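Student:
If you want it as structure tokens, here you go:
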């Protein structure tokens, strides 16, 4: 508060890694600090560090719900902005299983639920790989979500969930209309083949 009151203070000045005060505070989950910084004239909410991570990406990755809520309330915030690896706030939050953050992001205007990272992985694929059931339930509730979308290796959410033995996730995915149970990856391996290879009896039974 004292520093922001100094004439000429540079609110968007970054360190050698490109990290600004807003990015740092968002990463650490300091809600009141973020609120102060967002109130500063000229603050750049979409400014990214050297890895391409914005304040929203950082807060979403770490699961700081109240910080994400503040950032999403800023006019012009780019909810689909990705880091250098192509990962968005939604992809990170889904990957880490931050249910409340995912719910907030899915409520943001213009959010792209099927946007993929550089490896072709979407939020649904990442959540399915990690077995985050509640996140997957939220994602599947979004109109237009592509349940059969595959990553660069041709692996879908169902393939990953089957390979990892996430029974409840497989059950959810199989309940989606239009899911392709026989879809194979680039090597011709299906969900059933992966589940059989790994010995996941319950997944095999469901498939």
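In this note's numbering, the protein residues as written are 8 to 214. Just so you know, even glycine gets a beta-carbon here, dropped at the ideal spot from N, CA and C. Just so we're clear, the structure is a prediction, and the values are computed from it rather than from any experiment.
Rounded to the nearest angstrom, what separates residue 128 and residue 190 at their Cα positions?
Tutor: If I take the Cα positions, the gap works out to 16 Å.
Student: My output table needs one value for residue 185: the three-state DSSP class, helix, strand or coil.
Tutor: Reduced to three states, the DSSP call for residue 185 is coil.
Student: Would you kindly work out how many angstroms separate the C-alpha atoms of residue 25 and residue 11, rounded to a whole number?
Tutor: Approximately 20 Å between the Cα atoms of the pair.
Student: Helix, strand or coil for residue 12, going by three-state DSSP, please let me know.
Tutor: Residue 12: helix per DSSP, three-state reduction.
Student: If you measure from the beta carbon of residue 135 to each beta carbon in chain D, is any gap under 8 Å?
Tutor: Absent from the structure is chain D; it holds one protein chain and no more.
Student: Over the uninterrupted alpha helix (DSSP H) stretch that includes residue 204, give me the two end residues.
Tutor: Residues 198-205.
Student: Apart from the five residues on each side of it in sequence, which residues of its chain come closer than 6 Å, Cβ to Cβ, to residue 157?
Tutor: Same-chain partners within the cutoff: 163.
Student: What separation, rounded to the nearest whole angstrom, lies between the Cα atoms of residue 117 and residue 83?
Tutor: When rounded, the distance between both Cα atoms is 11 Å.
Student: When the Cα of residue 88 is compared with those of 105, 119, 110, which residue comes out closest?
Tutor: It is 119 whose Cα lies nearest to the Cα of residue 88.
Student: Would residue 19 pass as a contact of residue 50 if the rule is Cβ separation under 8 Å?
Tutor: Their beta carbons are under 8 Å apart, which means residue 19 touches residue 50 by this criterion.
Student: When you compare each of 45, 14, 15 to residue 28 by their alpha carbons, which one comes out closest?
Tutor: Of the listed residues, the one whose Cα sits closest to residue 28 is 45.
Student: For residue 194, count the other beta carbons within 10 Å of its own beta carbon; 16 or more makes it buried, fewer makes it exposed. Which is it?
Tutor: Exposed.
Student: What is the residue span of the alpha helix (DSSP H) that residue 96 lies within?
Tutor: Element bounds for residue 96: 96-103.
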